[in-house]
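Below is one structure, written out as structure tokens; the observations come after it.
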Amino acid sequence: MTGKAARKTRPQLLSDRITVDSTLRFIAQRGWKQKDGDFFPALTAHLAESLGVAFALVGRVVPDRQGEVETVALYAHGAHAPNMEYSLPGSPCEKVLKEGLCCYPKDVRQGFPSFAMLGELNAESYAGIA
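Under the working numbering, the first residue of the sequence shown is numbered 9, with each subsequent residue one higher.
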């Protein structure tokens with residue numbers, strides 16, 4: 009990882025802006041209307057579909073088990089999936105919790121070689137926010 013920002017063309021920047029606007033519109037217009045417990049599954053589906061990615065999840069640190077994360081909602085390959093737990097140490101999620109934001113547009117497995125789940129998911133990129 010070089011740490012350098014990737015240059016984007018105008019069409020890429022416009023596409024990014026449309027995705028952000030679409031997500032904000034989803035939250036403002038539809039997200040709050042979801043029944044209790046339905047918001048995060050609806051959000052993960054929206055994010056995966058609008059970003060064109062295989063996986064989207066919302067997770068939380070398990071309060072009584074330091075270093076463990078459980079998903080609140082998981083969307084995988086076009087469908088909701090059962091929630092799961094995973095270890096935080098060595099994961100990009102750990103970096104998100106420390107820095108607030110983490111984005112790897114490519115080669116995420118190289119940045120976190122000890123986090124096996126990225127390989128199991130065949131992950132190429134990652135973005136997270138806390």
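A virtual CB, placed ideally from N, CA and C, is assigned to each residue, including glycine.
Buried/exposed call for residue i, threshold 16 Cβ in 10 Å
i	result
G127	exposed
P71	exposed
H54	buried
E107	exposed
Segment limits, alpha helix (DSSP H) that includes residue i
i	result
A56	47-59
G127	124-128
Residue i - containing beta strand (DSSP E), residue span
i	result
G119	Unbroken run through G119 is the alpha helix (DSSP H), 116-119; no beta strand (DSSP E).
L82	76-84
L109	109-112
I35	Here I35 belongs to no beta strand (DSSP E), and DSSP marks it neither H nor E.
R68	63-69
S95	93-95
G139	Outside the displayed span of the chain (9 to 138) sits residue 139, for which this structure offers no information.
Nonlocal neighbours in the same chain, by C-beta distance under 6 Å from residue i, ignoring five residues either side
i	result
I137	L109
A56	A64, Y83
A81	F48, P49, T52, V66
A135	C111
Beta-carbon spacing of residue i, residue j below 8 Å
i	j	result
S58	T79	no
E76	L96	yes
V66	L51	yes
Sequence-distant residues of its chain with Cβ nearer than 7 Å to residue i (five each side left out)
i	result
L129	F63
G185	As displayed, the chain neither begins before 9 nor continues past 138, which places residue 185 out of reach and without an answer.
E132	K114, V116
A36	none
Y94	V77, M125
is_contact[residue i, chain D] using C-beta, thresh 8 Å
i	result
H54	As a matter of chain content, chain D is missing from the structure shown, which is built from one protein chain.
For the pair the stretch 107-115 and the stretch 78-94, tell me if three or more CB-CB distances fall below 8 Å. Not touching, per the Cβ criterion.
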